[in-house]
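Right, one structure below, let's go through it.
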Amino acid sequence: MALVNLNFPASYDDMAAALPGCSGIYVVADRNVSSLYAQPIIKALEHAGAPVKGLMEIRCSERLKTYKNVEKIQSWLIARGADRNALLLAVGGGITTDLVGFAACTYKRGIKYANVPTTLLAMVDAGIGGKTGCNIGSYKNMAGIIKQPHTTFIMPWFCRSLSRKLFCDGYAELLKTFIIGDAEAYDIAVKDKDHKRLDELISRAASIKAKIVEADPDEAGLRKVLNLGHSFAHAIEFKSAHAWLPWHRHISHGQAVAMGMIMAARMSEELKLAQAGLADRLTSDFRSLGLPTESPWDFEALRPIMRTDKKSKDGKVSFILIASIGKVVMKDIGL
Ligand code: GLY
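Here our numbering is used: the first residue of the sequence shown is 2, the next is one more, and so on.
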C-alpha cells in the first residue's frame, strides 16, 4: 500500500471497500455539509456493512480550530467507547480535516483516520498529505502532527455546492500546484473558465501533491515547495485577523495564497531568478479567474510576521520562488 492513498469513488457505495478493518467508524463532519454529504455517506457505509458508530457535527472556522475543539472530539470518542482500533472519518473542508486528523493522531496515542474533503481546497491540498493540527491564538497551525490518513476520498462533484468564494479559494491552491510542477495543466486551468475540465484538473493537482508527499512526507526538503506563496499568505492572514478596516478583514486562505504567489513572483523577478513579466502574467491570469492579486500590506509590513513563521529558522525564511511556470526554487532569506 502506498503511503499516500487517493481514492476517486464513482459513488458512496464504493467507499466502504476502501476503508481498513476497524472496531468502529466515527464520523466527524462540518455541520454545514452534514446532511448533504456525511449522512448519505453513512447510509452507504452502513448498507455495505461497515461498523459506523456515530456522527458528530462540528462548527468549523479558523477561530474554532483550537485544542478545545480537538478535546471535544476526543471526549465524544471516549463517551462512545472508541478503542485504539477505531477509525475517524473527517467530512468537510481543510479546517475539518486538520482538526479531526489531529484528534485522531493524538487520541490514545493515535488511531486511524480517513478524509472526505468537501471543498476544492481540501481535495487538492489540505485533505492530502497528513498535515493535521490546530491554531494557537491567531498563529495558524502552530500545534500539529504529520501522519498520513488511511485514504483521502476525492469526489469532484462536491464542488458544485461550493460558494464562489470557496471555489476560488481552492482554485488558488490548484494553480499553486501547477505553478510548482505542471505548466501544461496551469494553462488549461487558466483557460478553463467554464470548468469543463475540472475533474481532470483536480485529479492532476491531487496526484502531484501525493507524489511530492510520498517523496518527502516529513517536509525535510522537497515538500517545502508546496508552501509557494504561503510565507506571505500566513502573514497576510495574520494581519487580516487583526485589521480594523472592514475591507481588510476576512481575507481567506486561498485569497491570501493568490496574493502571496504574486508577491513571490515579484521577489523572483527582483532576485533575477525569473524573467521580467512573470508577476504581471500571473496577475492577469488570476484576475481573469476572479482571484485577488494585491495584498493590502507590502513586504515591509509583513516582514515582522514572516519572521515568526513556524518555518523560519535562525531568522531566515525558506521562500519558494518561481523560476518559470512549472518550476520553483527554494531560497533561504534573512528577514
Ligand atoms: N499544504 C502544504 C503541505 O501539505 O505540505
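From the three backbone atoms N, C-alpha and C, an ideal C-beta is built for every residue, glycine too.
Predicted, not measured: the structure shown is a model, and the values here were computed from it.
Where the alpha helix (DSSP H) containing Lys166 begins and where it ends:
165-182
Below 8 angstroms on the Cβ atoms is my contact criterion, and I expect Asn116 with Glu63 to pass it. Report the Cβ-Cβ distance as a whole number of Å.
That belief does not hold up - the Cβ atoms of Asn116 and Glu63 are roughly 19 angstroms apart, past 8 angstroms.
With burial defined as no fewer than 16 other Cβ atoms inside 10 Å of the residue's Cβ, what is the status of Lys314: buried or exposed?
exposed
Can you list, in chain order, the residues of its chain whose CB lies under 7 angstroms from that of Ser253, leaving out five sequence neighbours each side?
Lys166, Asp170
Between Met264 and chain C, is any beta-carbon pair separated by less than 8 angstroms?
Protein chains in the displayed structure number just one, and chain C is not present.
Please state whether DSSP places Gly230 in a helix, a strand or coil.
coil
Nearest-angstrom Cβ-Cβ length linking Leu223 and Met268, presumed shorter than 8 angstroms:
With a Cβ gap of about 20 angstroms, Leu223 and Met268 do not count as contacting.
Hey, would you say the C-beta of Glu63 is under 7 angstroms away from at least one heavy atom of ligand 1?
no
DSSP has Ser325 in a bridge; who is on the other side?
Lys328
Rounded straight-line distance, which links the Cα of Asp84 to that of Leu246:
48 angstroms
Just to confirm, are Lys194 and Val125 a CB contact at a threshold of 8 angstroms?
no
Host alpha helix (DSSP H) of Glu72 (start-end):
68-80
Arg224: CB within 7 angstroms of a non-hydrogen atom of ligand 1:
yes
So which of Thr284, Met16, Tyr108, Thr153 has the shortest CA-CA distance to Val191?
Thr284
How about Ala39 and Leu20: are their beta carbons less than 8 angstroms apart?
no
Is Phe320 helix, strand or coil when you go by DSSP?
strand
DSSP three-state assignment for Glu220, whether helix, strand or coil
coil
Whole angstroms are fine: how far does the CA of Lys66 sit from the CA of Leu100?
6 angstroms
For Ile59 versus Asp31, is the C-beta distance shorter than 8 angstroms?
yes
Closest by CA to Ser76, which one among Gly230, Lys109, Asn86, Pro157?
Lys109
Buried or exposed: which applies to Pro41, given that a residue is buried once 16 or more other Cβ atoms fall within 10 Å of its Cβ?
exposed
For Ser164, does the count of other Cβ atoms within 10 angstroms reach 16, so buried, or fall short, so exposed?
exposed
Three-state secondary structure (DSSP) of Ala91:
strand
Relative to the alpha-carbon of Phe154, which residue among Asn8, Asn142, Leu336, Val34 has its alpha-carbon at the smallest distance?
Asn8
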